[in-house]
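Those protein sequence lines, which keep their order, are chains A and B. Note that my numbering has the first sequence beginning at 5, numbered continuously upward. Note that my numbering has the second sequence beginning at 8, numbered continuously upward. The beta-carbon is built from N, C-alpha and C at its ideal position, and this holds for glycine as well. Owing to the predicted nature of the structure, the values given are computational and were not obtained by experimental measurement. Following: one structure in structure tokens, then a few remarks.
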Amino acid sequence: MSAAGVSTASSPPLRLPGEHFAAGLGAFVCGAIGLVLVAPDLARGAFFLPHVVAVVHLFTLGWIMVSIFGALCQFLPVAVDRAIRWEWLAHVTFALQVAGVLIFVGALPTGSARGVHIGAATISAAFLLFAINLAATLAGARTHSLTWWALAGASLFLAITPVFGVVLAINLDQGLLGAERFVTIARHVHVAIGGVVLLVMVGVAHRLLPMFLLAHGVDSRAGGIAVGLLFSGALLLAIPIGGMVTAAPGAILLAAGLLAFLVQALAFYRHRVRRHIDPGMRLAAAGLIGLAAALIAAPLALSAGLANPQLLIAYHLLLLGGVSLFVAGHYYKIVPFLIWYHRFGPLVGLRPVPKVHELYSARAASIAGGLLMAGWLGLVVGVILGSPLVARASALVFAAGTIVEAIAVARIAQRRPA
Amino acid sequence: MELNLTLLERVYDALRLVIDPEIGLDIVTLGLVYDVTLDGDAADITFSLTTRGCPMEHAIRGGILQAVSQVEGVNTVRPHLVWDPAWHPGMVEPGYL
Chain A
5 MSAAGVSTAS
15 SPPLRLPGEH
25 FAAGLGAFVC
35 GAIGLVLVAP
45 DLARGAFFLP
55 HVVAVVHLFT
65 LGWIMVSIFG
75 ALCQFLPVAV
85 DRAIRWEWLA
95 HVTFALQVAG
105 VLIFVGALPT
115 GSARGVHIGA
125 ATISAAFLLF
135 AINLAATLAG
145 ARTHSLTWWA
155 LAGASLFLAI
165 TPVFGVVLAI
175 NLDQGLLGAE
185 RFVTIARHVH
195 VAIGGVVLLV
205 MVGVAHRLLP
215 MFLLAHGVDS
225 RAGGIAVGLL
235 FSGALLLAIP
245 IGGMVTAAPG
255 AILLAAGLLA
265 FLVQALAFYR
275 HRVRRHIDPG
285 MRLAAAGLIG
295 LAAALIAAPL
305 ALSAGLANPQ
315 LLIAYHLLLL
325 GGVSLFVAGH
335 YYKIVPFLIW
345 YHRFGPLVGL
355 RPVPKVHELY
365 SARAASIAGG
375 LLMAGWLGLV
385 VGVILGSPLV
395 ARASALVFAA
405 GTIVEAIAVA
415 RIAQRRPA
Chain B
8 MELNLTLLER
18 VYDALRLVID
28 PEIGLDIVTL
38 GLVYDVTLDG
48 DAADITFSLT
58 TRGCPMEHAI
68 RGGILQAVSQ
78 VEGVNTVRPH
88 LVWDPAWHPG
98 MVEPGYL
């Protein structure tokens with residue numbers, strides 16, 4: 005059944021993904037509120053400010069990564085037919101990640117170097133432990149599918165990404181990177197997005213999109229190419245030497261990998277049997293369009309660099325916004341199914357049970373999606389125009405979308421059989 | 008024979024309680040039930056899943072067991088999962104997707 009996409013007999017208890025999704029949504033809302041505060045700074049092209057960096061990490065570490073960790077805890081048994089190797093360690097990782105993000109994000113605006121270092125170290129420990137848990141789980145798999153290779157690659161970059169983060173955190177008060185600071189930040193961002201986030205997205209989408217869209221028999225070679233290109237690109241960017249010799253080909257490979265992923269995702273959407281696209285998959289599609297826009301903007305933004313900070317910010321907004329919407333869309337697929345599986349699944353065959361889409365209001369989901377998309381697009385436009393007013397108003401719309409989504413998901417979590 | 012036909016219909020009706028929660032259709036409408044045979048008070052249900060190696064097998068099998076066990080006249084339920092022929096969306100009853 006298509007519902008098998010997210011659950012198996014060896015799936016963890018609801019609490020494990022549940023705590024991740026609750027914290028992830030909390031970070032999504034807090035990040036969006038922070039975005040309202042920093043939006044005028046972004047429109048002015050000022051992004052190397054501590055409070056801006058704090059907001060960015062609320063999204064990346066608090067929203068995107070916590071959601072990914074939670075989704076993987078649930079998805080791994082499906083993807084590799086193995087329960088997560090150490091369930092207790094996943095709880096520990098979660099606690100470290102949440103504590104680390106709170107310390108790190110709290111310390112940045114206050115200028116506490118000690119807090120930034122402790123936060124970065126705690127988050128790094130969480131990443132490393134999750135990478136070990138992920139690798140140990142994958143090691144027990146009998147077959148090595150595209151999803152397996154994508155997640156194996158992501159486990160490597162989960163261990164590498166925080167190294168950049170720690171170096172940058174230390175650099176904040178010691179300045180050891182000098183002029184290399186900006187290049188190191190660019191490597192950090194793209195290793196994290198390409199090597200971790202996009203590889204996970206490719207691996208998960210390879211399994212879930214055909215199921216959610218009912219797109220059977222689609223050629224998946226583009227997905228395989230995407231895994232190879234993203235891995236190679238992130239690996240080159242992870243080499244902290246060689247300047248443009250490693251950075252340029254790394255960036256090109258990453259871009260090609262993203263393009264291959266988008267081609268694969270488009271094939272799934274185009275070959276879907278069900279013509280109606282539900283609010284979750286619409287939001288995910290909007291995220292993919294955002295990533296396509298980021299791909300187009302990348303050469304312009306990265307070549308202009310600090311000479312055009314607004315363009316650079318707009319590019320990163322497209323990139324992180326695209327990922328955010330893709331993740332937000334999947335909340336409407338995974339959370340209702342988990343609630344259904346744990347609370348209504350045991351009643352199958354005994355009495356009529358609701359369908360997954362009946363566990364939430366499609367109207368509320370569409371409103372949330374509309375607000376998120378409109379706010380995000382408006383923010384990008386506001387930054388490009390250099391208008392603090394447009395940027396802040398759009399960030400408000402986006403924040404409203406996160407609140408509506410959080411309420412909608414919380415209501416799903418409360419659903420129980422009558 | 009007439010009794011068996013009626014029982015068969017009731018078994019199929021019971022199987023319609025087993026749904027794919029994501030697609031929102033029951034396994035009969037989805038075309039996942041390939042065959043039902045009755046042998047006295049025993050029912051053999053031959054079914055498939057939409058994806059090969061689908062890990063929801065136990066949940067579907069459990070749903071089939073629970074649903075058909077409720078049918079009066081059936082005392083033994085034997086679900087059989089098969090992959091040949093492989094399921095495809097064309098097997099869904101017309102007009103449902």
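The alpha-carbon separation between residue 99(B) and residue 41(B) amounts to approximately 12 Å. As a beta-bridge residue in DSSP terms, residue 84(B) pairs with 50(B). Residue 58(A) and residue 34(B) have their C-alpha atoms some 49 Å from each other. Looking at the DSSP output, residue 40(B) bridges to 54(B).
Put simply, the backbone Cα of residue 317(A) is about 7 Å away from that of residue 387(A). Along the length of the stretch 12–96 of chain A, whole beta strand (DSSP E) runs at least 3 residues long do not occur. Rounded to the nearest whole angstrom, the C-alpha separation of residue 33(A) and residue 67(A) is 9 Å. If you keep only unbroken beta strand (DSSP E) runs of at least 3 residues inside the stretch 162–237 of chain A, you get nothing at all. Across the set 206(A), 358(A), 220(A), 298(A), the C-alpha of 298(A) shows the shortest separation from the C-alpha of residue 381(A). Shortest Cα-Cα distance from residue 261(A) to any of 277(A), 121(A), 276(A), 235(A) involves 235(A). Rounded to the nearest whole angstrom, the C-alpha separation of residue 96(B) and residue 222(A) is 13 Å.
In the structure shown, residue 24(B) adopts coil according to DSSP, grouped into three states.
Judged by DSSP in its simplified three-state form, residue 329(A) adopts helix. The residue from 258(A), 391(A), 417(A) with its alpha-carbon nearest to that of residue 47(A) is 391(A).
Nearest to residue 171(A) by alpha-carbon distance, out of 121(A), 156(A), 356(A), 419(A), is 121(A). In this model, residue 90(B) and residue 274(A) are separated by some 26 Å (Cα to Cα).
Residue 27(B) counts as buried, since no fewer than 16 other beta carbons sit within 10 angstroms of its beta carbon. If you check the CB distance, residue 211(A) and residue 83(A) come in under 7 Å. Contact between residue 294(A) and residue 266(A) does not hold, since the beta-carbon distance rounds to 11 Å and is not under 8 Å. Taking residue 38(A) as the centre and dropping the five residues before and after it, the same chain places the C-beta of 55, 58, 59, 62 closer than 8 Å to its C-beta, in chain order. Within the stretch 116–145 of chain A, the complete alpha helix (DSSP H) segments at least 4 residues long are 117–143, listed from N- to C-terminus.
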